[in-house]
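J.: Please read through the structure below; I'll follow up with questions.
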Amino acid sequence: MGLYRGVKSMSKLKLLSMSRFPHHRSGPSHILPRNRQSGLVLIIFLLGVAALLPAPVAEAAPQDKARWDRKYQTEDYIFGKDPIPFLKEVSDLLPKRGQALDLAAGEGRNAVFLATLGLDITAIDISEEGLKKAKALARERGVSIKTIAADLESYRLPAKTYDVIVCTYYLQRDLIPKMKAALKPGGMIVMETYTQDHHKYRPRFPQDYLLKPNELLKWFDDFVILRYQLVDDGQAVYASILAQKPG
Ligand SMILES: C[S@@+](CC[C@H](N)C(=O)[O-])C[C@H]1O[C@@H](n2cnc3c(N)ncnc32)[C@H](O)[C@@H]1O
């Protein structure tokens, strides 16, 4: 999950202050020897180029990728091999054919389940290690899934393409309108993640990555809400939603 987005904003800040440096002209470059002057010009040029690059994502994504790749480098499935219970519970309401997408799919527990329902599923995640395990799980269950290793902060979702989109335990708020646009009319979305009340079990969990009260419901107020639940199971507090794009 984008727990490290705090780190990303720090890099953004760092970059911002670096990009200001080329405009800072009070330095005594005119009194430096010629070779030091050209060195300085080169540094200023490179800083200028760095400021033009979309560096914050490019700089931070490898940190997320490395962190999740490390977590997934174990034979165990850290999130288990079975789908989240909510997905199983609402599966009767989902279409059984068509294109489906699992965003931040991890080791593929939900993607593989959707494939067993008959959906043609693409699992996207930043971690190649996670996706390798997702493929292995699909083989084990006798189905196939497509995987794409990508950073969802920059990845573009095609419009009106999917019948089902699933995203669990990954909260990137600017992805919500993109997910809604990527659904076909009548398409369904399943989301689940922790709410602010989860703090009582995990006080250090970054606040930004917890759902505010009714936040899921508000995001999908232009969809038909087919199922919604708020759960406190004694270890975690989370909200789940199944919502349908108007046809
Ligand atoms: C808590 S895990 C949830 C995995 C899966 N959805 C599940 O419920 O089993 C969060 C996932 O988000 C992925 N992730 C984190 N940052 C990402 C990014 N910028 N782009 C794509 N995936 C990302 C991680 O690799 C990890 O697999």
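For the sequence shown, numbering that gives the first Met the number 0 assigns the number 246 to the last residue and increments by one with no breaks. For every residue, glycine included, the Cβ atom is placed at its ideal position computed from N, Cα and C.
CA-CA distance, glutamate 127 and phenylalanine 204?
T.: Counted from its first residue, the sequence shown places residue 127 at position 128. Counted from its first residue, the sequence shown places residue 204 at position 205. So the two alpha carbons sit approximately 25 Å from each other.
J.: At what residues does the beta strand (DSSP E) containing glycine 129 begin and finish?
T.: As a position in the sequence shown, residue 129 is number 130, starting the count at 1. From DSSP, glycine 129 is part of no beta strand (DSSP E) but of the alpha helix (DSSP H) over 127-139.
J.: Can you have a look at arginine 108 and say buried or exposed, based on whether 16 or more other CB atoms are within 10 angstroms of its CB?
T.: What you label residue 108 is simply residue 109 of the sequence shown in a count that begins at 1. By the 10 Å Cβ count, arginine 108 comes out buried.
J.: Grab me the residues of leucine 15's own chain with a C-beta within less than 8 Å of its C-beta, minus the 5 sequence neighbours each way, in chain order.
T.: One-based indexing of the sequence shown puts residue 15 at position 16. Because the pLDDT at leucine 15 is just 28, under 50, the model does not fix this residue reliably, and the point stays unresolved.
J.: Cutting at 7 Å between CB atoms, please list the residues of its own chain near lysine 132, excluding the five before and the five after it.
T.: As a first step, residue 132 must be located in the sequence shown, where it is residue number 133. Contacts found: Tyr71, Tyr76, Glu106 and Gly107.
J.: Just to confirm, is the Cβ distance from leucine 182 to threonine 167 under 9 Å?
T.: Position 183 of the sequence shown holds residue 182. Position 168 of the sequence shown holds residue 167. Cβ atoms of leucine 182 and threonine 167: not closer than 9 Å.
J.: Let me confirm a value: glycine 129 is counted as buried when at least 16 other C-beta atoms fall within 10 Å, else exposed. Which label applies?
T.: Taking the first residue of the sequence shown as position 1, residue 129 is located at position 130. It is buried - the Cβ of glycine 129 has at least 16 other Cβ atoms within 10 Å.
J.: Label proline 84 either buried or exposed according to how many other C-beta atoms from any shown protein chain fall within 10 Å of its C-beta, with 16 as the threshold for buried.
T.: To locate residue 84, count along the sequence shown from 1; it is residue 85. Exposed, because fewer than 16 other Cβ atoms sit within 10 Å of the Cβ of proline 84.
J.: Three Cβ pairs or more, each shorter than 8 Å: is that satisfied between the region 108-118 and the region 89-100?
T.: Verdict: yes, contact present.
J.: Apply the 10 Å Cβ neighbour rule to proline 61 and answer buried if 16 or more other Cβ atoms are within range, or exposed otherwise.
T.: Your numbering for residue 61 matches position 62 in the sequence shown. With fewer than 16 Cβ atoms within 10 Å of its Cβ, proline 61 is classed as exposed.
J.: Are glutamine 195 and leucine 209 touching if we call contact CB-CB under 9 Å?
T.: Reading the sequence shown from its first residue, position 196 is the one you call residue 195. Reading the sequence shown from its first residue, position 210 is the one you call residue 209. The answer is yes: Cβ separation under 9 Å.
J.: In three-state DSSP terms, what is alanine 149?
T.: Counting from one through the sequence shown, the residue named residue 149 turns up at place 150. It is coil, neither helix nor strand.
J.: Closest by CA to arginine 226, which one among Glu88, Arg69, Tyr237 and Asp207?
T.: On the sequence shown, residue 226 is found 227 positions in, with the first residue counted as 1. It is Glu88 whose Cα lies nearest to the Cα of arginine 226.
J.: What is the rounded straight-line gap between the Cα of tyrosine 237 and the Cα of isoleucine 120?
T.: The sequence position of residue 237 within the sequence shown is 238, counting from 1. The sequence position of residue 120 within the sequence shown is 121, counting from 1. Roughly 25 Å separates the two Cα atoms.
J.: Between lysine 134 and isoleucine 144, is the Cβ-Cβ spacing less than 9 Å?
T.: The residue given as residue 134 occupies position 135 in the sequence shown. The residue given as residue 144 occupies position 145 in the sequence shown. Yes; because the gap between Cβ atoms is below 9 Å, this pair is in contact.
J.: Is it true that the CB of alanine 235 sits closer than 9 Å to the CB of tyrosine 193?
T.: The sequence position of residue 193 within the sequence shown is 194, counting from 1. The sequence position of residue 235 within the sequence shown is 236, counting from 1. Yes, these two residues count as a Cβ contact at 9 Å.
J.: For valine 163 versus glutamine 228, is the C-beta spacing smaller than 9 Å?
T.: For the purposes of this step, residue 163 is taken as the residue at position 164 of the sequence shown. For the purposes of this step, residue 228 is taken as the residue at position 229 of the sequence shown. In this structure, glutamine 228 does not lie closer than 9 Å to valine 163 by Cβ.
J.: State yes or no: is the beta carbon of proline 202 nearer than 9 Å to at least one beta carbon in chain C?
T.: Chain labels in this structure do not include chain C; a single protein chain is all it has.
J.: How would you write the range of the beta strand (DSSP E) that valine 236 sits in, first residue to last?
T.: Taking the first residue of the sequence shown as position 1, residue 236 is located at position 237. First-last of the beta strand (DSSP E) with valine 236: 236-243.
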